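Add 122 to the 1-based position in the sequence shown for our numbering, that's all there is to it. Let me begin by presenting the structure, written as structure tokens, before commenting on it.
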Amino acid sequence: MIKSQHIGKRMTEKKVIETSAAPGAVGPYSQAIQANNLLFTSGQLPIDPATGTIPEGAISLRAHQALKNLAAVIKAAGAGLEDVVKVSLFLADIKDFQEVNTVYAEYFQTPCPARSAYQVAALPLGADIEIEAVVFIP
123 MIKSQHIGKR MTEKKVIETS AAPGAVGPYS QAIQANNLLF TSGQLPIDPA
173 TGTIPEGAIS LRAHQALKNL AAVIKAAGAG LEDVVKVSLF LADIKDFQEV
223 NTVYAEYFQT PCPARSAYQV AALPLGADIE IEAVVFIP
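Take a look at the structure:
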């Protein structure tokens, strides 16, 4: 869906990004919204889009799945992980940070995007990790 909106004196194109290669929204939101050359992704949970389940076991398995989902949404917008400028990482337990950071380093190369990491009280569907990004669309 493409919608043009006036913001101030500028025309902004707002486009919904959707892909079946990542899990669908679990609420009233879009997987991502592109506004001109910026893409804002919704938080990606570690849901396997093929099975609809969250992988069990080590946090690294769920970190990989959340990052694969993020990459799929970004690819649907015509960009790649190399175009990410800001990442927000949400963890149910900050003690998982180092293990998640090791996985994260497999997906983002130098120069890495800016990043924030937060411990949160809870995440949707009982997940223990969620990742969102802001992307510059070339």
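Just so you know, even glycine gets a beta-carbon here, dropped at the ideal spot from N, CA and C. Just so it is clear, the structure is predicted and the values come from calculations on it, not from any experiment.
So, does the region 183-202 touch the region 216-235, judging by three or more C-beta pairs under 8 Å?
Touching, yes.
Run through DSSP, which three-state label would L283 get?
Within the shown structure, residues of the chain are numbered from 123 to 260, placing residue 283 beyond reach of any answer.
Range of the contiguous beta strand (DSSP E) that encloses I176:
In the sequence shown, residue 176 corresponds to position 54, counting from 1. Run containing I176: none; DSSP gives neither H nor E here.
For Y229, name the three-state secondary structure that DSSP assigns.
As a first step, residue 229 must be located in the sequence shown, where it is residue number 107. Helix, per DSSP.
Just reading off the beta strand (DSSP E) that I253 is part of, what are its end residues?
Within the sequence shown, numbered from 1, the residue matching residue 253 stands at position 131. First-last of the beta strand (DSSP E) with I253: I251 to F258.
What do you get for L160, buried or exposed, if any count of 16 or more other CB atoms within 10 angstroms of its CB means buried?
The count along the sequence shown starts at 1 and reaches residue 160 at position 38. By the 10 Å Cβ count, L160 comes out exposed.
Please list the terminal residues of the continuous beta strand (DSSP E) segment that includes L211.
Residue mapping note: residue 211 aligns to position 89 of the sequence shown, counting from 1. V206 to L213 is the extent of the beta strand (DSSP E) around L211.
In or out: V206 buried (at least 16 other Cβ within 10 Å) or exposed?
Position 84 of the sequence shown, counted from the first residue, corresponds to residue 206. V206 is buried by the Cβ-count criterion.
Which residues bound the beta strand (DSSP E) around A147?
As a position in the sequence shown, residue 147 is number 25, starting the count at 1. That residue, A147, is in no beta strand (DSSP E); it is neither H nor E in DSSP.
Euclidean distance between Cα positions of A239 and P145:
Working through the sequence shown from its first residue, we reach residue 239 at position 117. Working through the sequence shown from its first residue, we reach residue 145 at position 23. If I take the Cα positions, the gap works out to 22 Å.
Whether V195 touches I155 by CB criterion (8 Å):
One-based indexing of the sequence shown puts residue 195 at position 73. One-based indexing of the sequence shown puts residue 155 at position 33. Cβ distance not < 8 Å, so V195 and I155 don't count as in contact.
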